[in-house]
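Line order of the protein sequences matches chains Z and C. Quick note, the first sequence lines up with residues 1 to 489 if you use the numbering used here. Quick note, the second sequence lines up with residues 1001 to 1489 if you use the numbering used here. Here a beta-carbon is modelled for each residue, glycine too, at the ideal position from N, C-alpha and C. All of these numbers come straight from a predicted model, not from anything done at the bench. Notes for the one structure printed next.
2 protein chains.
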Amino acid sequence: MGKNLTKRSEDYSKWYNELVSKADLAENSAVRGCMVIKPYGYAIWEKMQAQLDKMFKETGHENAYFPLFIPKSYLSKEAAHVDGFAKECAVVTHYRLKNAEDGSGVIVDPEAKLEEELIVRPTSETIIWSMFKKWITSYRDLPLMINQWANVVRWEMRTRLFLRTSEFLWQEGHTAHATKEEAMKETLQIVEIYKSLFEDHLAIPTVIGRKSDAEKFAGAEETYSIETMMLDKKALQGGTSHYLGTNFGDAFDVKFQNKENKQQPVFATSWGVSTRVIGALIMVHGDNKGLKIPPKVAPHQVIIVPINPKNENEKEFNNFVDIVANDLNKNGIRYKIDTSENTPGFKFNFWELRGVPIRLEIGLQEYKDQKLTLCRRDTGEKTSIKHNDSSVITKMLDDIQLNMYNSADAFLKKNTIELNNYKDLKEKLSKDNCFVKAYWDGSAASELKVKEDTKATIRCILEDVDNKKLKCIVSKKPAKHIVIFAKAY
Amino acid sequence: MGKNLTKRSEDYSKWYNELVSKADLAENSAVRGCMVIKPYGYAIWEKMQAQLDKMFKETGHENAYFPLFIPKSYLSKEAAHVDGFAKECAVVTHYRLKNAEDGSGVIVDPEAKLEEELIVRPTSETIIWSMFKKWITSYRDLPLMINQWANVVRWEMRTRLFLRTSEFLWQEGHTAHATKEEAMKETLQIVEIYKSLFEDHLAIPTVIGRKSDAEKFAGAEETYSIETMMLDKKALQGGTSHYLGTNFGDAFDVKFQNKENKQQPVFATSWGVSTRVIGALIMVHGDNKGLKIPPKVAPHQVIIVPINPKNENEKEFNNFVDIVANDLNKNGIRYKIDTSENTPGFKFNFWELRGVPIRLEIGLQEYKDQKLTLCRRDTGEKTSIKHNDSSVITKMLDDIQLNMYNSADAFLKKNTIELNNYKDLKEKLSKDNCFVKAYWDGSAASELKVKEDTKATIRCILEDVDNKKLKCIVSKKPAKHIVIFAKAY
């Protein structure tokens, strides 16, 4: 329970690992780097999925499903893409097992070797554009706006539950457009959708900008990134939206005939958000008692704890609990009643650890007074309300959602500093984490120097500048951009 | 369009393949045996998913996610299971690619060989029970009722879109119980849920029973099967629910401590329904014009076709169309307006091919009379209704749903015959497909003889009999069961 949880301030990393495990969100499997998402963790993912899926559909996207396997040769078709993804792939080489002749067990049948090896998708641009080639011939076929909910595999050497796992769940959007402008508009529309997921639903403030060339997606012209700040002041990239230009269209020879019967290139975007977001949710809101889940994505928004150890007036008391539950149900509030044999204290810790936004206590006093005691997970405040007034609870859930966002936003603002002097930057980042806002000359050399000296990278380019008086914090040469430097997950 | 569709009676198999392709449900990919589920096909799958998921949750199941990969040694832990699944697996042997030294492209890095090969899950009993071992220690941990939505891979030599593909999507349920009785109750509860999916939502009547030993799941004690009849009178197994006894619990050494502190074995079930169901939907309801989708799972329940070729009174006309659409929306009817540049005739064929239950035509006459013309996909009947009376449409959708079920049910009943004479069975099945209800002695020999003589298998055991006068249709020995023989997909 919460009591046995390592303090967040003591060892952030240990606190995170323990919390994921104790709150029953996920655990490691026997397959190195592959996690099991447990029911409580998966329920949070389902809530996020539902929100994203709704927003995708409202903006004209359709879901589809493409093969898990990608022929090895496909990965090579886009030059930058293969360099970025070929290193860390699970490779299928055979399609059959058989019993060993010496009776020692099951072995791979050497006769069932594939002519061409198959890669378990690390991302699906190549297989999807091989299909888009068939689907796109005329301007009438555009725009084509597809999303896929899927598992992907990137063989990782060092893994952490949710944050970096060899297999993870995500959505990947892939769209095709007749013009650059339209594709760029789509890239930015998705950024807005992701921003809404983070800010409006997960109560996580965002910093949004373009990636530097060193950090952008392998095969993209531009990558926009949703950056978030964890409570250890490190950055976590929550989602990315890529403008791919005609790179994949060209690689797979996709052209469309415009209204004037001319063959034209096709412009692409791709974008994704993964189960990694659950890691962000934990690390932005959690405390020494455990998770805090924002009401909008909480599997249970209210946990009802009936307290009647001696079962006094059992029937009437239970009836009262049911009336309260029905009232919540009628008002669309997701609740659960904890009727287990555990003590009230155990239950309080248990559900605090799991981050349920409101605990609703019903003891004999509450029953007699026809009142309810509410306890907020975000502030710990207790309130007494009339038993049949669940509009108060709805309002409190809204307030918790807002309060959680405001706390996280204040933290982000407090820990984002502007610096102009390289010595200050080095000193600051050697002592503590933070987001450093600074001028950059746009050179790979300056970017690399910061990384080598401080381990911080350019999280995103906030804006471009065109003023010769502004100097790069590293090189003192004229600055081209304002960027955020930070250490990242 | 429908006009180019091969007639169902002419070549059923060709009709099916063309329909899947022309109605934009799915197509083959470059990866042998792996399909692409296109947006329209996927939208049908999402509707089925939503229904099943709701029913699973209402009966206390929780979703979770387990790794895609299974260590090779896990498959061997349950003896019958490995025999059933080891033959047709995708095997991951390496985890990295690299550039070939001769510049010829990307090759598998021989140094990145896995110590133990990983199998892409053909089904997840083994990996899930390896986790259940950690999760189950006490009677308090039971029952454990988990469902997973996932992709699985079974390397198939001959594949057909939806019906048999190397990769497919499915849900797989895995539950653990303290007693045999409880596990068996769960097995049968799931049968009822599947029956409801098929009958109430897909308008497909079912025949339900146990599988013979030859046909049951590798590792199961009992397999219950949902059998359905296609329009070519062949059977398609729509879903299965397995009682696994303690086979997997024993194989993974899972025990629980009961209230008396005694170590007890754990009883299991598993059950699944896959994208194959979409194949059934096509083959039970489709006709020479294309698909017929039951309203409850139709992505669009109503297609609105505005017909105003010369754009007369354009603004007022379009306004009228919007009013009609808003009325449908308010009544929770899923609709789409076809505003493409195609001719009305093209649109009629296009949406008939895609099986939309109701076409709503709005021409200038309808606009003037403030009326709507409805055309039912199931019967072709046309009706004229008042423009603001969408309750008529809701009622018509219910009626279509029922009518489609009744037609399929009449067809199943008509083509299910009872036989007592082996010569009749052979003759009947040599001329035509059908479901033959007959007595069986329970022997593998009799079962095999039917299969060799007619290609029909025992689809399921309907009931057991205990009357020495009743004789097996094959051996004339005393019968033990009433079964259904049929050729199957």
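{"Item": "Presumed contact (8 Å Cβ cut-off) between Trp-149 of chain Z and Thr-275 of chain Z, rounded CB distance", "Value": "In fact, because the Cβ distance is near 11 Å, the residues do not count as touching under 8 Å."}
{"Item": "Extent of the continuous beta strand (DSSP E) to which Leu-1144 of chain C belongs", "Value": "1144 to 1153"}
{"Item": "Beta-carbon contacts of Ser-1130 of chain C that lie in its chain and below 8 Å, excluding the five residues immediately before and after", "Value": "Tyr-1074, Phe-1252"}
{"Item": "Secondary structure of Ile-293 of chain Z, DSSP reduced to three states", "Value": "coil"}
{"Item": "Three-way DSSP call (helix, strand, coil) for Met-1 of chain Z in this model", "Value": "Any reading at Met-1 of chain Z is ruled out, since the residue's pLDDT is 46, under 50, leaving its predicted position unreliable."}
{"Item": "4 or more residues per run - each alpha helix (DSSP H) lying fully within the segment 255 to 303 of chain Z", "Value": "276 to 285"}
{"Item": "Distance, Pro-122 of chain Z Cα to Ser-270 of chain Z Cα", "Value": "14 Å"}
{"Item": "Same chain, Cβ closer than 7 Å to Lys-1451 of chain C, five either side skipped, listed in chain order", "Value": "Thr-1457"}
{"Item": "Under 8 Å by beta carbon: chain C residues contacting Ser-274 of chain Z", "Value": "Chain C residues near Ser-274 of chain Z: none, gap ~12 Å exceeds 8 Å."}
{"Item": "Outcome for Arg-140 of chain Z when other beta-carbon atoms lying within 10 angstroms are tallied against a minimum of 16", "Value": "exposed"}
{"Item": "Proximal residues to Thr-1175 of chain C (C-beta, below 8 Å), its chain only, five neighbours per side dropped", "Value": "His-1061, Pro-1143, Leu-1144, Met-1145, Ile-1146, Ala-1183, Glu-1186, Ala-1268, Thr-1269, Ser-1270"}
{"Item": "Own chain partners of Gln-189 of chain Z with C-beta closer than 8 Å, once the 5 adjacent residues on each side are dropped", "Value": "Thr-59"}
{"Item": "Cα-Cα separation, Glu-1341 of chain C to Gly-1239 of chain C", "Value": "42 Å"}
{"Item": "Residue ranges of each beta strand (DSSP E) within the segment 1166 to 1227 of chain C, 3 or longer", "Value": "1167 to 1177, 1207 to 1210"}
{"Item": "Range of the contiguous alpha helix (DSSP H) that encloses Gly-1249 of chain C", "Value": "1247 to 1251"}
{"Item": "Contact between the segment 1047 to 1054 of chain C and the segment 1088 to 1104 of chain C (3+ Cβ pairs under 8 Å)", "Value": "no"}
{"Item": "Alpha-carbon to alpha-carbon, Leu-1462 of chain C and Asp-1200 of chain C", "Value": "21 Å"}
{"Item": "From C:Ser-1430, C:Tyr-1422, C:Asn-1247, residue whose alpha carbon lies closest to that of Ala-1438 of chain C", "Value": "C:Tyr-1422"}
{"Item": "Beta-bridge pairing of Leu-1374 of chain C - partner residues as DSSP gives them", "Value": "C:Leu-1360, C:Thr-1383"}
{"Item": "Residue span of the alpha helix (DSSP H) that contains Met-55 of chain Z, given as start and end", "Value": "39 to 58"}
{"Item": "Rounded straight-line distance, which links the Cα of Gly-103 of chain Z to that of Asp-1232 of chain C", "Value": "45 Å"}
{"Item": "CB contact below 8 Å: Thr-379 of chain Z versus chain C", "Value": "no"}
{"Item": "Same chain, Cβ closer than 8 Å to Val-106 of chain Z, neighbours up to 5 away in sequence not counted", "Value": "Leu-97, Lys-98, Asn-99, Ala-100"}
{"Item": "C-beta atoms of Gly-1041 of chain C and Ala-1026 of chain C nearer than 8 Å", "Value": "yes"}
{"Item": "C-alpha distance - Lys-1289 of chain C paired with Gln-1301 of chain C, whole-angstrom precision", "Value": "17 Å"}
{"Item": "Residues from the segment 55 to 72 of chain Z in contact with chain C, defined by Cβ distance under 8 Å", "Value": "Glu-62, Asn-63, Ala-64, Tyr-65, Phe-66, Pro-67, Leu-68, Phe-69, Ile-70, Pro-71, Lys-72"}
{"Item": "Minimum Cβ-Cβ distance from Cys-1089 of chain C to chain Z less than 8 Å", "Value": "yes"}
{"Item": "Within chain C, the residues that Ile-127 of chain Z reaches when beta carbons sit closer than 8 Å", "Value": "Ser-1029, Ala-1030, Val-1031"}
{"Item": "Span separating the alpha-carbon of Lys-480 of chain Z from that of Lys-469 of chain Z", "Value": "11 Å"}
{"Item": "Integer-rounded CB distance, given that Tyr-1367 of chain C should sit under 8 Å from Phe-1320 of chain C", "Value": "5 Å"}
{"Item": "For Thr-1457 of chain C, the first and last residue of its enclosing beta strand (DSSP E)", "Value": "1457 to 1464"}
{"Item": "Neighbouring residues, chain Z, relative to Glu-1101 of chain C (Cβ below 8 Å)", "Value": "Simply none; closest approach about 15 Å."}
{"Item": "Cut-off 8 Å between Cβ atoms - residues of its own chain near Met-1001 of chain C, not counting five sequence neighbours on either side", "Value": "With a pLDDT of only 46 at Met-1001 of chain C, under 50, the local geometry of the prediction cannot be trusted, and no value is derived from it."}
{"Item": "Which listed residue (Z:Val-392, Z:Glu-125, Z:Asn-258) has its alpha carbon closest to that of Tyr-65 of chain Z", "Value": "Z:Glu-125"}
{"Item": "Sequence-distant residues of its chain with Cβ nearer than 7 Å to Phe-256 of chain Z (five each side left out)", "Value": "Ile-136, Thr-137, Ser-138, Tyr-139, Asp-141, Leu-142, Ala-178, Gln-264, Val-266"}
{"Item": "Any C-beta of chain C under 8 Å from that of Glu-143 of chain Z", "Value": "The amino acid occupying residue 143 of chain Z in the given sequence is Pro; Glu does not appear at that position. No, Pro-143 of chain Z lies away from the interface with chain C (no Cβ there is under 8 Å from its Cβ)."}
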